[in-house]
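**Q**
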Amino acid sequence: MSNNKTIDKPDFIVLSLTFNSINFIKKLDTSNMGEIIKLNRMNPVIEAERPYYLVFGSYELEGTLYNKIVDFLNHSNNLDLCLGIIGSGNRNIGPEYLITPKRICREFNLDMIFSFEAAGLSKDVEYMNNYLNDKYGKNEENL
Ligand SMILES: Cc1cc2nc3c(=O)[nH]c(=O)nc-3n(C[C@H](O)[C@H](O)[C@H](O)COP(=O)(O)O)c2cc1C
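Residue numbering for the sequence shown follows my numbering, beginning at 1 and increasing consecutively.
Here is the structure:
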């Protein structure tokens, strides 16, 4: 069993092109979160060191975001350490809503644990806080 409660808390790796995903993640209660790591869109491939959720938006063109996420997940242990996808999109787009997170989940066999529009509403923040608290909040009681 871990003797360092922060070790079990997931990191959040975010590739955000118009700041919506990063603004959503920054609204969450940090008590059940590890580090928030922002990827650079020009050079997004880094080596994840701990379990993490991957957060990004939706863009029709592969070159905009999809290819970068593929490169990131194919690097080193990054796919194994990924706990799931958190996706942002815009429902006005219609059937292409969440096109990139859905495709990545399908192709890499990952779960989309949550999705939201733009930078999320307060109900979205509440949902994620509850999700993280249910999953990781008990660590402190168990120590
Ligand atoms: C050029 C462009 C294309 C987009 N295409 C889609 C799309 O196909 N499906 C979708 O759900 N949202 C689409 N969106 C909306 C973004 O995914 C949404 O605003 C998201 O919150 C962006 O997240 P980010 O700022 O973290 O990158 C598009 C936005 C832009 C600017």
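Using N, Cα and C, we set each Cβ at its ideal position, and we do this for glycine too.
Since the model is a prediction, treat every value here as computed from it, not as a measurement.
Suppose the cutoff is 8 Å on Cβ atoms and the five residues either side in sequence are ignored; what does the same chain contact list for residue 125 look like?
**A** Translated into the one-based positions of the sequence shown, residue 125 becomes position 125. The answer, listed in chain order, is 24, 27 and 28.
**Q** Terminal residues of the continuous alpha helix (DSSP H) containing residue 73?
**A** For this step, residue 73 is matched to residue 73 along the sequence shown. Residues 67-74.
**Q** May I ask you to verify whether the segment 65-72 touches the segment 37-52, counting CB pairs closer than 8 Å and requiring at least 3?
**A** With a cut-off of 8 Å on Cβ pairs, the segment 65-72 is in contact with the segment 37-52, counting three or more such pairs.
**Q** Are the segment 95-104 and the segment 58-68 touching by the rule of at least three beta carbon pairs closer than 8 Å?
**A** yes
**Q** What are the boundary residues of the alpha helix (DSSP H) that residue 81 is part of?
**A** As a working note, residue 81 is residue 81 in the sequence shown. Start and end: 78-81.
**Q** From residue 85 to residue 95, what distance separates their C-alpha atoms?
**A** In the sequence shown, the residue the question calls residue 85 occupies position 85. In the sequence shown, the residue the question calls residue 95 occupies position 95. Whole-angstrom Cα-Cα distance: 19 Å.
**Q** Under 8 Å by Cβ, that's how I've got residue 108 and residue 127 pegged, so tell me the actual separation to the nearest angstrom.
**A** Translated into positions along the sequence shown, residue 108 becomes position 108. Translated into positions along the sequence shown, residue 127 becomes position 127. In fact, because the Cβ distance is near 23 Å, the residues do not count as touching under 8 Å.
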